[in-house]
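Step one of this worksheet: look at the structure below.
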Amino acid sequence: MTKFFAKVLAFLVLFGIVAPLGILRSGVLARFGPGSEVYLAIAKSRKHTAAKRILIGDSVANQLYPAARSDPYIYAFACSESVSLAGRYFMLRDFIARNDMRGTTVYLVYTPLSFNSDLQTRFTFHYFIKPFVTINNWSTLDAVVRDRVARVPWYWTAWLPIIKVSRWSPDYAPSQPPNPQLSEISRLYLQRIRDLAQENGFEFIVLAPVLAESRRQDPYGEMQAQIQSSGLGKVFSRYFGSMRFLPDSAFSDGVHLHDPGSLGPNPLNL
Amino acid sequence: MTFVSPAFVLFVAITWLVHGVLPSRFRWAGLLGASLIFYATAAEPQLLVVLAWVTTVTYLGGLRISACDPRVRGRIYVASLVGVFFALGLKYLPLVHDAVALLARALGRSVSIPIPQLASTIGISYFTLQAIAYLTDVYLDMLPPERHFGRLALSLAFFPKILQGPIERGGDLLPQLETTYHFDYEKTRSGLVLFTWGLFKKTVAADQLGVTVDVVYGNVHAYSGATLLIATYAYAFQIYLDFAAYTDMARGIARLFGIELTRNFDRPYAATSVAEFWRRWHLSFSRWLLDYLFRPLQIRWRGWRQHGTAAAILATFLLSGLWHGATWGFLVWGALHGCYQVSALYTRGYFNRLQRRIGLAGTQGLAVLQVLVTFHLVAFAWIFFRAANLRDALHVVGNLPTGPVELVHRMLTANAHSSLGLVPGLNRQDAVIGSVAVVLALWERHLRRWWASTHSLPLRWMGYGALFLSIFVLGRFGGRKFIYFDF
Numbered sequence: 001m002t003k004f005f006a007k008v009l010a011f012l013v014l015f016g017i018v019a020p021l022g023i024l025r026s027g028v029l030a031r032f033g034p035g036s037e038v039y040l041a042i043a044k045s046r047k048h049t050a051a052k053r054i055l056i057g058d059s060v061a062n063q064l065y066p067a068a069r070s071d072p073y074i075y076a077f078a079c080s081e082s083v084s085l086a087g088r089y090f091m092l093r094d095f096i097a098r099n100d101m102r103g104t105t106v107y108l109v110y111t112p113l114s115f116n117s118d119l120q121t122r123f124t125f126h127y128f129i130k131p132f133v134t135i136n137n138w139s140t141l142d143a144v145v146r147d148r149v150a151r152v153p154w155y156w157t158a159w160l161p162i163i164k165v166s167r168w169s170p171d172y173a174p175s176q177p178p179n180p181q182l183s184e185i186s187r188l189y190l191q192r193i194r195d196l197a198q199e200n201g202f203e204f205i206v207l208a209p210v211l212a213e214s215r216r217q218d219p220y221g222e223m224q225a226q227i228q229s230s231g232l233g234k235v236f237s238r239y240f241g242s243m244r245f246l247p248d249s250a251f252s253d254g255v256h257l258h259d260p261g262s263l264g265p266n267p268l269n270l
Numbered sequence: 001m002t003f004v005s006p007a008f009v010l011f012v013a014i015t016w017l018v019h020g021v022l023p024s025r026f027r028w029a030g031l032l033g034a035s036l037i038f039y040a041t042a043a044e045p046q047l048l049v050v051l052a053w054v055t056t057v058t059y060l061g062g063l064r065i066s067a068c069d070p071r072v073r074g075r076i077y078v079a080s081l082v083g084v085f086f087a088l089g090l091k092y093l094p095l096v097h098d099a100v101a102l103l104a105r106a107l108g109r110s111v112s113i114p115i116p117q118l119a120s121t122i123g124i125s126y127f128t129l130q131a132i133a134y135l136t137d138v139y140l141d142m143l144p145p146e147r148h149f150g151r152l153a154l155s156l157a158f159f160p161k162i163l164q165g166p167i168e169r170g171g172d173l174l175p176q177l178e179t180t181y182h183f184d185y186e187k188t189r190s191g192l193v194l195f196t197w198g199l200f201k202k203t204v205a206a207d208q209l210g211v212t213v214d215v216v217y218g219n220v221h222a223y224s225g226a227t228l229l230i231a232t233y234a235y236a237f238q239i240y241l242d243f244a245a246y247t248d249m250a251r252g253i254a255r256l257f258g259i260e261l262t263r264n265f266d267r268p269y270a271a272t273s274v275a276e277f278w279r280r281w282h283l284s285f286s287r288w289l290l291d292y293l294f295r296p297l298q299i300r301w302r303g304w305r306q307h308g309t310a311a312a313i314l315a316t317f318l319l320s321g322l323w324h325g326a327t328w329g330f331l332v333w334g335a336l337h338g339c340y341q342v343s344a345l346y347t348r349g350y351f352n353r354l355q356r357r358i359g360l361a362g363t364q365g366l367a368v369l370q371v372l373v374t375f376h377l378v379a380f381a382w383i384f385f386r387a388a389n390l391r392d393a394l395h396v397v398g399n400l401p402t403g404p405v406e407l408v409h410r411m412l413t414a415n416a417h418s419s420l421g422l423v424p425g426l427n428r429q430d431a432v433i434g435s436v437a438v439v440l441a442l443w444e445r446h447l448r449r450w451w452a453s454t455h456s457l458p459l460r461w462m463g464y465g466a467l468f469l470s471i472f473v474l475g476r477f478g479g480r481k482f483i484y485f486d487f
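Residue numbers (this note's numbering), protein chains in the order written: chain A, 1 to 270; chain B, 1 to 487.
Structure, rendered in structure tokens:
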């Protein structure tokens with residue numbers, strides 16, 4: 001029996017820790033793994049660029065300005081909404097550390113409903129916890145982030161190398177608020193990004209991507225009130241005016257476009 | 001708690017360790033306790049009452065049948081069966097509810113009859129069939145009654161098999177529960193390997209196919225013949241790999257506890273006839289049907305000679321369809337399999353003569369042709385099994401003839417980014433992973449034998465490591481339940 005346990009242990013160390021660490025270091029996840037778009041965005045946020053227009057945002061922003069595309073003028077690293085504004089703040093902080101931000105404009109292109117994201121989606125485990133939460137930075141995270149992460153069952157397994165490379169995620173799909181509003185995480189990290197902008201001398205502007213016609217009647221009153229009460233009025237000054245609506249038939253699921261390429265390389269005229 | 005969850009892996013590990021440290025005479029109690037906990041968490045806790053009922057009826061029925069006067073044996077046997085069928089009937093309560101409502105409407109009355117319905121009936125079909133087999137075997141003096149209530153309860157509730165079989169015979173399982181467990185390195189290793197292969201079949205192969213099948217069969221009217229054809233082939237492999245995966249996992253876990261469960265599959269798609277398919281598919285259920293339904297019917301109708309056998313085949317497969325669920329789709333599926341075999345029964349002589357006359361008899365070419373024809377007949381029947389309703393199934397059948405031509409056309413004009421542009425959401429990467437996984441899963445037994453026979457430890461470990469890593473890296477863990485959980 002001792003021989004059996006020794007072999008199982010050796011196997012788990014070799015294929016549960018060593019081999020997954022090799023996979024993680026190889027960068028193959030950025031190409032093939034679950035949430036590969038997030039790893040691609042993270043990789044881009046850790047590079048230097050001469051571009052002075054930086055675009056961050058959700059998956060619709062990534063359709064309009066793909067992170068995989070190389071553009072000398074607009075440097076984009078948008079990715080899934082489940083990353084939340086906390087994840088986008090971490091990426092932006094990394095980006096600032098490697099780039100001179102003077103004279104730069106950072107655009108956050110965000111669908112109204114993406115502001116609801118409070119790190120409580122079924123993809124939070126894959127898109128936020130696995131790439132951004134480590135055993136080392138756990139104590140440095142904001143209490144609100146730790147609270148949201150801890151609500152995801154089995155969240156700690158994301159620290160195991162074998163889970164980090166896996167497609168497995170806990171069965172967790174809490175319901176989302178139906179109307180646009182600023183979640184606690186969104187509000188906190190929008191303020192953080194605004195403060196980063198002031199400290200590092202860049203402009204921070206929030207814009208809306210193209211939206212389905214059926215979303216025109218969405219009640220934005222609560223969200224607008226939250227923006228004002230959070231002192232974010234200036235960064236949102238162009239948001240509601242920038243909303244551009246297309247027929248519902250242009251969207252595959254009411255949010256994502258069937259053919260984003262048809263809008264041209266710079267659909268928001270940045 | 002499902003088989004594909006970290007909670008289950010922890011549960012098995014703890015149960016195995018506790019089982020190992022318990023004194024031999026209490027091990028049955030440890031396993032029974034674990035099985036009841038598993039069943040309560042995997043299904044509705046109320047189903048424990050149903051399990052307790054079936055266990056008690058089976059235990060008392062078995063004892064009484066063997067002890068009583070031969071003149072009343074039959075009556076006690078029938079009474080025990082009625083008790084077990086009562087539990088099996090719970091599965092059909094929704095049908096009773098609908099039938100009563102329909103009857104009330106036909107009579108022009110709008111009455112609401114409060115028939116209690118269980119949210120889930122997982123496992124009932126399996127342990128009741130096992131109970132029926134046990135009672136029948138005791139009645140026919142083929143098996144002595146089990147006098148230890150705990151061991152009989154464990155044989156019905158044993159957690160690796162309670163949800164989806166195999167449907168074990170008392171004669172196979174009960175003696176194993178009496179033997180003393182000793183740790184066996186080879187059995188434990190092979191149990192873990194079998195479990196891991198099952199996990200691979202489920203997460204990397206079956207569930208990958210399931211994505212395509214669910215999208216297409218979820219809205220069959222939106223797709224053309226080629227897509228329906230691909231989804232139909234995909235389902236044929238999905239249902240086999242999904243079910244075989246569960247069986248492998250169940251057998252692997254049971255082996256950890258020193259118990260050998262029935263092998264449920266023997267390369268069913270290599271069958272050269274539909275009759276042979278049923279000797280390779282869901283073996284424990286097929287044998288149950290053969291021994292407890294088909295043979296008694298065949299004997300009863302033997303006076304009708306070949307027609308009696310044909311009637312017994314049809315009745316057996318119609319009931320087999322109904323066992324899966326009270327829907328037209330399952331009934332048509334069962335009827336098709338019955339008709340295939342009845343046709344073979346009446347035309348066998350003619351085809352044998354024809355094969356000899358044209359010199360095909362016994363050739364490799366004929367065997368390949370027979371395998372292909374059998375596979376397509378089985379795959380055709382699966383359409384009725386999978387489609388949401390009869391209307392959808394008929395739509396698929398009506399559009400299949402255009403599929404092959406369209407498929408060839410799409411293959412010639414395919415672009416690099418889509419999987420022939422046939423199935424939305426399925427990219428080329430997933431299609432390649434799924435195809436490779438299906439091939440590996442179908443060749444699993446050969447690979448397993450080859451690995452076991454190789455003397456190179458690094459090579460063996462590389463194989464096991466690749467299998468282990470591929471489950472995590474490529475597997476789909478979307479909470480897709482095992483298909484046969486529903487039956």
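A virtual CB, placed ideally from N, CA and C, is assigned to each residue, including glycine.
Cα separation between residue i and residue j?
i	j	result
Ser418/B	Arg428/B	Confidence at Ser418/B is low in this model, with a pLDDT of 48, below 50, so the placement of that residue is unreliable and no value is reported for it.
Lys91/B	Ala326/B	9 angstroms
Ala19/A	Leu469/B	8 angstroms
Val144/A	Leu459/B	48 angstroms
Arg192/A	Val149/A	19 angstroms
Val436/B	Val18/B	39 angstroms
Leu263/A	Phe330/B	49 angstroms
Tyr127/A	Thr247/B	34 angstroms
His446/B	Ala67/B	48 angstroms
Val210/A	Val109/A	10 angstroms
Asp289/A	Arg216/A	Since the first and last residues shown for chain A are 1 and 270, residue 289/A lies out of range.
Ala416/B	Tyr73/A	Confidence at Ala416/B is low in this model, with a pLDDT of 47, below 50, so its placement is unreliable and the value that follows should be read with caution. Rounded to the nearest angstrom, the two C-alpha atoms are 29 angstroms apart.
Gly231/A	Phe245/A	27 angstroms
Ser5/B	Thr134/A	23 angstroms
Leu283/B	Arg263/B	7 angstroms
Ala270/B	Tyr155/A	44 angstroms
Phe95/A	Ser169/A	28 angstroms
Leu390/B	Trp333/B	11 angstroms
Strictly by DSSP, which residues pair up with residue i?
i	result
Glu203/A	Thr105/A
Phe251/A	Leu257/A
Phe245/A	Leu211/A
Mind listing the chain A neighbours of residue i? Cutoff is C-beta to C-beta under 7 angstroms, in chain order.
i	result
Thr188/B	Phe4
Arg476/B	Arg167
Is the distance from the Cβ of residue i to the Cβ of residue j below 9 angstroms?
i	j	result
Val378/B	Val274/B	yes
Leu228/B	Val220/B	yes
Met91/A	Ser36/A	no
Thr121/A	Phe202/A	no
Trp382/B	Ile239/B	yes
Leu188/A	Asp142/A	yes
Leu345/B	Leu319/B	no
Leu135/B	Leu81/B	yes
Tyr217/B	Val396/B	yes
Closer than 8 angstroms by beta-carbon distance: list the chain A residues that pair up with residue i, in chain order.
i	result
Leu22/B	What Leu22/B touches in chain A: nothing, since even the nearest Cβ is about 15 angstroms away.
Val473/B	Ile23, Gly33, Val165, Ser166 and Arg167
Phe183/B	Met1 and Phe4
Listing by chain order, which chain B residues have their CB less than 7 angstroms from the CB of residue i?
i	result
Phe15/A	Gly465, Phe468 and Leu469
Ile162/A	Phe472
Can you name the residues of chain B whose CB is closer than 8 angstroms to the CB of residue i?
i	result
Trp154/A	Pro6
Ala19/A	Gly465 and Leu469
Closer than 9 angstroms by beta-carbon distance: list the chain B residues that pair up with residue i, in chain order.
i	result
Thr121/A	Result: empty, since nearest Cβ-Cβ is about 15 angstroms, beyond 9 angstroms.
Ile129/A	Simply none; closest approach about 15 angstroms.
Thr157/A	Pro6
Considering only residues of the region 45 to 120 of chain A, which uninterrupted beta strand (DSSP E) runs meet the minimum length of 3 residues and lie entirely inside it, listed in chain order?
-> 53 to 57, 74 to 76 and 105 to 109
Within the region 251 to 337 of chain B, ranges of the alpha helix (DSSP H) (whole runs, at least 4 residues) = 274 to 277, 283 to 289, 295 to 300 and 306 to 324
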